[in-house]
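Each remark here refers to the structure printed beneath this line.
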Amino acid sequence: MMMINDAVLMNEEKAAFGLRALYQSYGYTPYKMSKFEEYELYVRNKDFLVSDHVITFTDTNGRLMALKPDVTLSIIKNGKDSGDVTQKVYYNENVYRVSKGSHAYKEIMQAGLECIGQIDDYQIFEVLMLACESLKMISDRFVLDISHLGIVSAIIERMQVTTAVRAELVKCIGEKNIHGIAALCANNGIDAAAADDLVALISAYGDSKATLAALCGRCVDTETKAAYEQLCTVVGALERAGYGNAVRIDFSVTGDMRYYNGIVFRGFIDGVPTGILSGGQYDNLMRKMGRKAGAIGFAVYLDLLERMDIENENRYDVDVVLLYDADTDIADLQSAVSALQAEGKSTMTQMQVPEKIRCKELLKLTKEGVQTIETNA
Amino acid sequence: MLNVALPKGRIGEKVYGMFEAAGLECPSIRENNRKLIFENEAVGVRYFWVKPSDVAIYVERGAADIGVAGKDILLEYEPDIYELLDLNIGKCRMAVAAREGFRDNAQKTLKVATKFTNIAQTYYTALGRDIDIIRLNGSIELAPILGLSDVIVDIVETGTTLRENHLQVMETIVPISARLIANKAAFKFKNDAIVSIVNKLSQTVEVSK
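As you go down the protein sequences, you meet chains A and B in turn.
Mind the numbering: the first sequence is residues 1 to 377 in my numbering, read in order.
Mind the numbering: the second sequence is residues 1001 to 1209 in my numbering, read in order.
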């Protein structure tokens, strides 16, 4: 049986293997899909995509195809509603999006899961718990921010604003921009009580129990109360499961409300400057795509792990560079390499000292045996 | 250690004064030398001066935990950050200006010269106006005078440069001031330090209003 040495795996590869085992242990089954999808799927749901740039090409039959910029849409499109049975799938796929910095297309390794069907409080808890476990697998120092769009959208609805003002409000919410919300409310004659509720919501951050307790009095009407109670139920379950310290209530986590509803969340790990996990309940997207079932899921952006632990990065390309010359006996060279490898040292054989290769030891095989020329460790 | 990106120049010095008054002093920053990074281990802060338009990038990418950037830069580059406080300094406005007596003919494409292409595009898209953007990097005011553009979209502080060149403000797009911004991940893992500085700075801002 082949054993894989952990040390040779990149951060993202280690995470991908770990996540696969984690999701399978909760009954999630692998979902493999084609790299291509009909472009029309993305045109119809352009706003759901992180970036609206898609790589397209014309297939041999004349159909306009796209390299997948997203996985969730394909899973919904290819699935069928099946009564009470909840479909649980996970994936590990590459998607193709425009990178914000370089404005060029980039291949992004993404893992994640989707739970489609009867989405009750337990299913929501399980997905959130798996999100926590996914982050914990990458780093012990992680935070999962949770929001409930039911509360946010009910308060915005109460403000009775135009679509443009609503979009600006949502932008301010995502930025924790309290002064921006105050200015928007003042300039658009928005009801002071609703404005005050929104500011209180965005200002709240920290320990989930204390934050929820502080917001209790602001979630009293039918819509906000039901959403608040659901948030309390799942966060309480996460606390009992031991994730209390890592879970934060943060209403600045948003999502396009035409697609997302209910609980939305984002995960961070110390050392990566942006959110590494993003997810939520997206029943509205399911309706848009003609599905009756509910759905919740998340994606982990594995490409972001590439830059982690840069300080602890292996400073050497190889443990040993072993030099030999044209007269060296092949059997002697072979046994010298085997002996070094038996000591756990990676060994590169060379006839000359290679440029741009950093090694801990530079050795030379002579008739007298292996001699040390240089030690860098 | 809290990493703070300050914008080089007059605003940056004023901002450092606010941080100093809030208890995050770093005396070495006042020394006249060519150092780029200034650190005070005792209070747990590290400052660095960067080009004002780069502050948002340092913060978004996590090289700085917090920083101070103009609202113009935030609107133009739309970085994924938290905008925690309006510091109420460096106040000016983003405006549309044109030659005195200019009449906008809505039947023609409007030629707009600007450094802030995203802000100009967003503004005119919302108005449903067809425009031709001419991206310039400086001396924007020259464009309408020489007939390169019909209007300009630029920052107006006192309006003196416009007046002296027989230009006038047609519309104010948005008021601008310096904002305290934070990296999203740093806000989670250095929350106490960031919230503490936000609270102290907001008191200073309130007093100065």
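Backbone N, C-alpha and C fix where the C-beta goes; we use that ideal spot for every residue, glycine too.
Using a threshold of 7 Å, state whether the C-beta atoms of A:L323 and A:T347 are closer than that. no
For the region 1170 to 1198 of chain B, enumerate the residues whose C-beta is nearer than 9 Å to any C-beta of chain A, in chain order. P1175, R1179, I1181, A1182, N1183, K1184, A1185, A1186, F1187, K1188, F1189, N1191 and V1195
Using the beta-carbon count (16 or more within 10 Å), is B:N1032 buried or exposed? exposed
Three-state secondary structure (DSSP) of A:Y105: strand
Please check if any C-beta of chain B sits within less than 7 Å of the C-beta of A:E311. For A:E311, the pLDDT reaches just 49, beneath the cut-off of 50, and the residue's location in the model is therefore unreliable, although a value from the coordinates is still provided. No, A:E311 lies away from the interface with chain B (no Cβ there is under 7 Å from its Cβ).
Have a look at A:A210 and A:C216 and give me their C-alpha separation to the nearest angstrom. 10 Å
Are the C-beta of A:E133 and some C-beta of chain B separated by less than 7 Å? no
So for A:L394, helix, strand or coil by DSSP? Because residue 394 of chain A is not part of the residues shown, which for chain A are 1 to 377, the question remains open.
Taking the straight line between their C-alpha atoms, what separation do you get for A:E311 and B:T1172? Reliability of the predicted coordinates at A:E311 is poor, the pLDDT of 49 falling under 50, and the value obtained from them is presented with this limitation in mind. Rounded to the nearest angstrom, the two C-alpha atoms are 48 Å apart.
What is the C-beta distance between A:L184 and A:L169, in whole angstroms, given that I count them as a contact (C-beta under 8 Å)? 6 Å
Mind reading off the beta-carbon distance from B:I1152 to B:A1113? Whole number of angstroms is fine, and I expect it under 8 Å. 5 Å
Looking only at C-alpha atoms, which of B:G1128, B:E1164 and B:D1154 sits nearest to B:I1140? B:D1154
Closer than 8 Å between beta carbons: that is the criterion. Which residues of the region 1069 to 1095 of chain B meet it against chain A? D1080, I1081, Y1082, E1083, L1084, L1085 and D1086
Per DSSP, cross-strand counterpart(s) of A:L67: A:F36
I want to verify the contact list: residues of chain B whose CB lies under 9 Å from the CB of A:V272, in sequence order. G1062 and A1185
Exposed unless 16 or more other CB atoms sit within 10 angstroms - verdict on B:K1184: buried
Does the region 1185 to 1193 of chain B come within contact of the region 1122 to 1129 of chain B, defined as at least 3 CB pairs closer than 8 Å? no
Extent of the continuous alpha helix (DSSP H) run through A:C132: D121 to I138
How far does the alpha helix (DSSP H) with A:K14 in it extend, from its first residue to its last? N11 to S25
Per-residue burial, A:K88 [other beta carbons within 10 Å of its own, 16 or more giving buried]: buried
In DSSP terms, what B:D1218 is bridged to: Outside the shown range of chain B, which is 1001 to 1209, sits residue 1218 of chain B, and nothing can be said about it.
At a Cβ cut of 8 Å, what residues of the region 123 to 147 of chain A count as close to chain B, listed as they run along the chain? R141, V143 and D145
Does DSSP put A:E311 in a helix, a strand or coil? Low local confidence applies: a pLDDT of 49 at A:E311 is under 50, so the model's placement there is unreliable, with the coordinate-based value given in what follows. Here A:E311 sits in helix by DSSP.
Interface positions of the region 242 to 273 of chain A facing chain B (Cβ-Cβ less than 9 Å), listed along the chain: R248, D250, S252, R266, F268, I269, D270, G271, V272 and P273
Integer-rounded CB distance, given that A:V247 should sit under 8 Å from A:S278: 16 Å between Cβ atoms; not a contact.
Pairwise C-alpha distance: B:N1040 and B:V1004: 12 Å
Whole-angstrom Cβ separation of A:G267 and A:G275, contact assumed at under 8 Å? 6 Å
Exposure label - B:R1034; buried when at least 16 CB within 10 Å: exposed
Mind checking which residues open and close the alpha helix (DSSP H) that includes A:V228? The residue you asked about is not Val; residue 228 of chain A is Tyr in the sequence shown. Element bounds for A:Y228: T222 to L238.
Could you have a look at A:I249 and say whether DSSP puts it in helix, strand or coil? strand
Whole-number beta carbon distance between A:L302 and A:M109, since they are thought to touch under 8 Å: 4 Å
What residue from A:I76, A:R63 and A:N45 has the CA that sits closest to A:R424's CA? An answer regarding residue 424 of chain A cannot be provided, because it is not within the stretch 1 to 377 covered by chain A.
Kindly list the residues whose CB is nearer than 8 Å to the CB of B:G1009, restricted to its own chain and excluding five residues on each side of it in sequence; keep chain order. P1052
Starting from B:A1178, follow its DSSP beta bridges and name the residues at the other end. B:G1070
Min CB distance A:N376 to chain B below 7 Å: no
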